[in-house]
Amino acid sequence: MSVREEFDDWASEGRDRGMEDRHWHTAKHVLARMPVEEGDTVFDLGTGSGYALRALRETKGADRGYGLDGSPEMVRNARSYTDDPSISFLLADFDSLPLATDSVDHAFSMEAFYYASDPHHTLSELARIVRPGGTFFCAVNYYEENVHSHEWQERISVEMTRWSCSEYREAFREAGFHVAEQDNVPDREVEIPDESAFPTDDWEDRDEMVERYRTYGTLLTVGVVP
Ligand SMILES: C[S@@+](CC[C@H](N)C(=O)[O-])C[C@H]1O[C@@H](n2cnc3c(N)ncnc32)[C@H](O)[C@@H]1O
Numbered sequence: 001m002s003v004r005e006e007f008d009d010w011a012s013e014g015r016d017r018g019m020e021d022r023h024w025h026t027a028k029h030v031l032a033r034m035p036v037e038e039g040d041t042v043f044d045l046g047t048g049s050g051y052a053l054r055a056l057r058e059t060k061g062a063d064r065g066y067g068l069d070g071s072p073e074m075v076r077n078a079r080s081y082t083d084d085p086s087i088s089f090l091l092a093d094f095d096s097l098p099l100a101t102d103s104v105d106h107a108f109s110m111e112a113f114y115y116a117s118d119p120h121h122t123l124s125e126l127a128r129i130v131r132p133g134g135t136f137f138c139a140v141n142y143y144e145e146n147v148h149s150h151e152w153q154e155r156i157s158v159e160m161t162r163w164s165c166s167e168y169r170e171a172f173r174e175a176g177f178h179v180a181e182q183d184n185v186p187d188r189e190v191e192i193p194d195e196s197a198f199p200t201d202d203w204e205d206r207d208e209m210v211e212r213y214r215t216y217g218t219l220l221t222v223g224v225v226p
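Numbered according to the UniProt record's numbering, the sequence shown spans residues 1 to 226.
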């Protein structure tokens, strides 16, 4: 199944809004840390419902937002959730970003980057479109150290790249970014039941669930274009 088929299905089932709700727990902290200033142009790779651009416009005064997604249904939904003329959605693949060199001040991506068929090439595309001094805030929940995420590949037909924290840093540097920081953003909002509720349908024991959400949470890697 292609990216288009897989995620068109998700969008038509309303899973774009479901992802927004779940990802917002950590994405909002990542967005708050972005050094976006009034008048800036921002880019969201794998935008889904487009919530990140709406938030950056509302909270930081970004002037222009471009959200890219390869699923026509996701793009159609994202367009329907805002009437802001300064937010545009681009139907395109991560392989070739349809934006000019140095045209973006800051880029963001949540739970999307690892679907790139050639993640090294996508990183070099990001390094191309972000202007010198601009940043790429890359947030993922699927990565090597988060052992609880490994089984996700079995549930999705699109191939996912599972890098470790150090592989992210190395790939960012190879693509021409400086790595400004890397850390875990905990999800403190998922409710973790009392010990007596375990095992649940999803979790053998409480410690595993605590590790998944409170310890691993979302891996954030921040690249800066020199
Ligand atoms: C898991 S969703 C995350 C959406 C959103 N960032 C969020 O936090 O809810 C991944 C998104 O990336 C898009 N996507 C995945 N692979 C892609 C590719 N190779 N090119 C373009 N879009 C892609 C999907 O269509 C989907 O909307």
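We put the beta carbon where it would ideally sit given N, CA and C, even for glycine.
- Counting C-beta atoms within 10 angstroms of its own C-beta, H150 has fewer than 16 neighbours from the protein chains shown and is therefore classed as exposed.
- When P186, S2, E195 are compared, the shortest CA-CA separation from G70 is found for S2.
- The beta-carbon distance between G65 and D44, rounded to whole angstroms, is 7 Å. This is short enough to meet the 8 Å contact definition.
- The continuous beta strand (DSSP E) containing N184 extends over residues 178-185.
- A heavy atom of ligand 1 is found nearer than 8 Å to the CB of L68.
- Judged by DSSP in its simplified three-state form, R188 adopts coil rather than helix or strand.
- CA-to-CA, the gap between A55 and L31 works out to about 8 Å.
- For M110, there is no enclosing alpha helix (DSSP H); the residue is found in the beta strand (DSSP E) stretching over 104-110.
- Unbroken alpha helix (DSSP H) runs of no fewer than 4 residues, entirely contained in the stretch 6-68, are found at 15-33, 51-60, following chain order.
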